[in-house]
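Residue numbers (the working numbering): 1 to 547.
What follows is the structure, encoded as structure tokens:
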């Protein structure tokens with residue numbers, strides 16, 4: 001009897017051990033059970049449900065909700081590392097991805113037509129060095145594990161390397177045969193901005209009539225998470241900055257505070273939280289005026305030209321900044337000849353992009369800052385650098401990831417999508433901004449009827465503004481002629497919101513100009529295959545009116 005009990009107990013122990021092993025195999029990343037999902041997890045799940053196989057949404061869901069091994073609490077781990085939760089999970093992902101890539105590098109055999117020998121094709125079917133990341137083949141295609149990690153599959157064909165991926169804005173211009181300059185501007189509140197310039201076309205400054213910088217000045221301002229490089233990445237004859245320079249304009253390229261080129265201050269370090277206490281409101285009131293004044297100062301010095309004939313071209317946030325500056329600093333209406341706003345963003349009540357799902361959280365400043373951190377949002381490093389180098393190869397799965405990363409935020413348009421340009425784009429974008437800048441846009445979506453200053457909550461609003469609600473921008477104070485270029489498939493600046501903006505610009509609106517392509521999206525204004533034909537030609541015809 002004792003022997004039977006002993007055998008039974010032994011069998012029971014074996015059974016429990018097998019159950020435990022099977023449980024670990026089924027979920028090799030055990031986490032503490034979540035009793036009540038936090039707002040962060042709810043946000044991640046909402047993003048993923050709405051966005052489908054969007055890489056950004058999947059990564060948020062996977063990392064926040066525990067399908068990749070994380071410490072018991074993300075907040076504790078982030079605090080211990082001195083990071084935001086967002087940075088902490090991105091760092092974990094990069095560590096995992098690097099280990100996976102190292103495994104591929106170590107086991108790769110020789111192969112033709114790859115950018116680097118380490119990226120040769122190899123069959124992998126086991127886990128990567130015990131790191132907890134299993135390979136694609138170990139999951140069903142319809143599970144959440146499938147889409148996010150297809151970018152770690154070995155590559156069969158690579159996109160030819162484009163040196164522009166790793167060059168600065170002036171270096172890109174010089175590589176393509178243009179004169180380029182870089183200037184440092186100090187704003188009245190102490191930020192040091194980098195202003196780039198292409199003063200003449202490929203014929204050279206000596207060959208241009210009147211010499212260097214003699215053409216009419218045109219100022220180009222990039223959008224959210226971008227830099228001056230945006231205007232050059234498509235290359236000669238396609239990128240707007242090059243087209244304008246070849247047409248004889250003196251081209252100036254702004255860089256907003258906090259991006260790759262404008263990360264300094266006279267008394268603060270970019271490691272300090274105070275450095276990042278700004279949104280596009282401060283960019284509009286400090287950055288753009290300082291840069292425009294510098295342009296006029298340089299032209300007076302070089303050309304003895306005192307005319308106030310600068311043309312302003314903005315994309316996305318670059319248009320927001322122009323509207324805010326002209327509404328709050330009416331004296332600059334006399335310093336700008338005309339504004340040409342591509343994908344203009346002011347009213348955001350009809351945004352289709354999944355970014356709208358951040359809107360309900362936009363007034364919970366404490367939660368937002370806890371998740372993303374109070375400092376920088378998406379600088380040009382970490383996972384994006386990895387994507388630029390390895391993540392946009394020509395296998396079908398990887399093309400889908402690069403497409404979805406752009407399309408799910410800006411609108412779907414495969415016709416204008418240039419797969420070979422994506423590594424170059426990811427080499428420069430995102431270029432970083434403040435978390436507060438992104439939150440300000442989320443508030444615009446949440447408070448859909450208003451174009452207003454940052455909402456700090458009633459008590460702080462009362463202290464700052466003298467009223468419980470943030471004041472709206474007075475667009476009726478804008479007297480500069482404004483042309484609005486919009487696209488039907490723009491998920492961030494759609495026709496209804498642009499029409500609302502147009503109706504508020506009652507004094508000197510030049511008009512609304514719809515791109516004659518119903519699939520054109522938000523970033524096609526910069527990098528779409530047909531942008532020179534369907535946007536820039538009409539843009540330059542209008543610019544000639546204000547020469």
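The beta carbon of each residue, even a glycine, is placed where N, CA and C say it ideally should be. Quick caveat: nothing in here was measured; it's all calculated off a predicted structure.
For residue 525, the three-state DSSP class (helix, strand or coil): Position 525 of the chain shown holds residue 525. The three-state reading of DSSP puts residue 525 in helix, counting H, G and I together.
CA-to-CA distance, residue 321 to residue 498, given in whole angstroms: For this step, residue 498 is matched to residue 498 along the chain shown. For this step, residue 321 is matched to residue 321 along the chain shown. A straight line joining the alpha-carbon of residue 498 with that of residue 321 spans about 15 Å.
Please state if the CB of residue 346 and the CB of residue 442 are separated by a distance shorter than 7 Å. What you label residue 442 is simply residue 442 of the chain shown in a count that begins at 1. What you label residue 346 is simply residue 346 of the chain shown in a count that begins at 1. No, the Cβ-Cβ distance between residue 442 and residue 346 is not below 7 Å.
Alpha carbon of residue 187 to alpha carbon of residue 294, nearest angstrom: Taking the chain shown and counting its residues from 1, one reaches residue 187 at position 187. Taking the chain shown and counting its residues from 1, one reaches residue 294 at position 294. Distance between the alpha carbons of residue 187 and residue 294 is about 10 Å.
Quick one: using the 10 Å Cβ neighbour count with 16 as the cut-off for buried, is residue 550 buried or exposed? The chain is shown from 1 up to 547; residue 550 falls before or after that span and cannot be answered.
With 7 Å as the threshold, decide whether the Cβ of residue 313 is near any Cβ in chain D. Included in the structure is just one protein chain, with no chain D present.
Going by DSSP, what residues sit across from residue 352 in a beta bridge? Taking the chain shown and counting its residues from 1, one reaches residue 352 at position 352. Residue pairing from DSSP leaves residue 352 without any beta-bridge partner.
Where does residue 466 sit, in a helix, a strand or coil, going by DSSP? What you label residue 466 is simply residue 466 of the chain shown in a count that begins at 1. Secondary structure at residue 466: coil, using DSSP grouped into helix, strand and coil.
Under the three-state reduction of DSSP, which class applies to residue 478: helix, strand or coil? Position 478 of the chain shown, counting from 1, holds the residue named residue 478. Residue state, collapsed to three classes: coil.
Using the rule of at least 16 other Cβ atoms within 10 Å of the residue's Cβ for burial, across every protein chain shown, is residue 231 buried or exposed? Residue mapping note: residue 231 aligns to position 231 of the chain shown, counting from 1. Classification of residue 231: buried, given that the 10 Å Cβ count is 16 or more.
Tell me, please, which residues DSSP counts as bridged to residue 341. Taking the chain shown and counting its residues from 1, one reaches residue 341 at position 341. In the DSSP output, where bridge partners are listed per residue, residue 341 has 314 and 484.
Beta-ladder partner(s) of residue 511, from DSSP: In the chain shown, counting from the first residue as 1, residue 511 sits at position 511. For residue 511, which the question treats as bridged, DSSP gives the partners 483.
In whole angstroms, what is the alpha-carbon distance linking residue 240 and residue 485? Within the chain shown, residue 240 is the residue found at index 240, counting from 1. Within the chain shown, residue 485 is the residue found at index 485, counting from 1. Between residue 240 and residue 485, the C-alpha separation is close to 14 Å.
Tell me residue 434's beta-bridge partners as DSSP assigns them. Taking the chain shown and counting its residues from 1, the one referred to as residue 434 is at position 434. Per DSSP, 376.
Does DSSP put residue 101 in a helix, a strand or coil? As a working mapping, residue 101 is identified with position 101 in the chain shown. Confidence is the limiting factor: at residue 101 the pLDDT is only 48, short of 50, which leaves the residue's position unreliable, though a coordinate-based value still follows. The answer is helix: DSSP assigns residue 101 an H, G or I state.
Return the residue from the list 455, 167 and 435 that minimises the CA-CA distance to residue 274. Start at 1 with the first residue of the chain shown, and residue 274 comes out as number 274. Out of 455, 167 and 435, 435 has the C-alpha closest to the C-alpha of residue 274.
Output the distance between the C-alpha atoms of residue 516 and residue 467, rounded to the nearest integer angstrom. In the chain shown, the residue the question calls residue 516 occupies position 516. In the chain shown, the residue the question calls residue 467 occupies position 467. Their Cα atoms are separated by approximately 44 Å.
Roughly how many whole angstroms lie between the Cα atoms of residue 488 and residue 227? Translated into positions along the chain shown, residue 488 becomes position 488. Translated into positions along the chain shown, residue 227 becomes position 227. If you take the alpha carbons of residue 488 and residue 227, they lie about 25 Å apart.
Do residue 565 and residue 297 have their C-beta atoms closer together than 7 Å? The requested residue 565 is not part of the displayed model; the chain covers only 1 to 547.
Helix, strand or coil, according to DSSP, for residue 335 in the structure here? Looking up residue 335 in the chain shown gives position 335. Coil at residue 335, not helix or strand.
Length of the line joining the Cα atoms of residue 252 and residue 261: Working through the chain shown from its first residue, we reach residue 252 at position 252. Working through the chain shown from its first residue, we reach residue 261 at position 261. The alpha-carbon of residue 252 is positioned some 14 Å away from that of residue 261.
Look at the alpha carbon of residue 495 and the alpha carbon of residue 459, and state the distance between them as a whole number of angstroms. Taking the first residue of the chain shown as position 1, residue 495 is located at position 495. Taking the first residue of the chain shown as position 1, residue 459 is located at position 459. Going by the C-alpha atoms only, they are around 36 Å apart.
Simplified DSSP assignment, three categories, for residue 252: For the purposes of this step, residue 252 is taken as the residue at position 252 of the chain shown. Three-state DSSP puts residue 252 in a strand.
Note down the Cα distance separating residue 473 from residue 457, rounded to an integer number of angstroms. To locate residue 473, count along the chain shown from 1; it is residue 473. To locate residue 457, count along the chain shown from 1; it is residue 457. Whole-angstrom Cα-Cα distance: 18 Å.
Would residue 526 and residue 483 be called neighbours here (beta carbons separated by less than 7 Å)? Position 526 of the chain shown, counted from the first residue, corresponds to residue 526. Position 483 of the chain shown, counted from the first residue, corresponds to residue 483. No.
Mind reading off the beta-carbon distance from residue 221 to residue 254? Whole number of angstroms is fine, and I expect it under 8 Å. Taking the first residue of the chain shown as position 1, residue 221 is located at position 221. Taking the first residue of the chain shown as position 1, residue 254 is located at position 254. 5 Å between Cβ atoms; contact.
Using the Cβ count rule (16 or more neighbours within 10 Å means buried), how would you classify residue 238? In the chain shown, the residue the question calls residue 238 occupies position 238. Residue 238 is buried by the Cβ-count criterion.
DSSP three-state call for residue 216: helix, strand or coil? The residue labelled residue 216 in the question sits at position 216 within the chain shown. Reduced to three states, the DSSP call for residue 216 is coil.
Would residue 218 and residue 193 be called neighbours here (beta carbons separated by less than 7 Å)? Numbered from its first residue, the chain shown carries residue 218 at position 218. Numbered from its first residue, the chain shown carries residue 193 at position 193. Not in contact: residue 218 and residue 193 (Cβ atoms no closer than 7 Å).
Helix, strand or coil: which one does DSSP assign to residue 440? One-based indexing of the chain shown puts residue 440 at position 440. Reduced to three states, the DSSP call for residue 440 is helix.
Assumed close pair residue 351, residue 491 - CB separation to whole angstroms, cut-off 8 Å: Your numbering for residue 351 matches position 351 in the chain shown. Your numbering for residue 491 matches position 491 in the chain shown. Residue 351 to residue 491, Cβ: 7 Å. Contact.
Sub-7 Å separation of residue 199 and residue 213 beta-carbons: Working through the chain shown from its first residue, we reach residue 199 at position 199. Working through the chain shown from its first residue, we reach residue 213 at position 213. Going by C-beta atoms, residue 199 is nearer than 7 Å to residue 213.
Which whole-angstrom value is the C-beta distance of residue 478 and residue 507, which I expect to be below 8 Å? The sequence position of residue 478 within the chain shown is 478, counting from 1. The sequence position of residue 507 within the chain shown is 507, counting from 1. Distance from residue 478 to residue 507 at the Cβ level is roughly 7 Å; contact confirmed, criterion being Cβ atoms closer than 8 Å.
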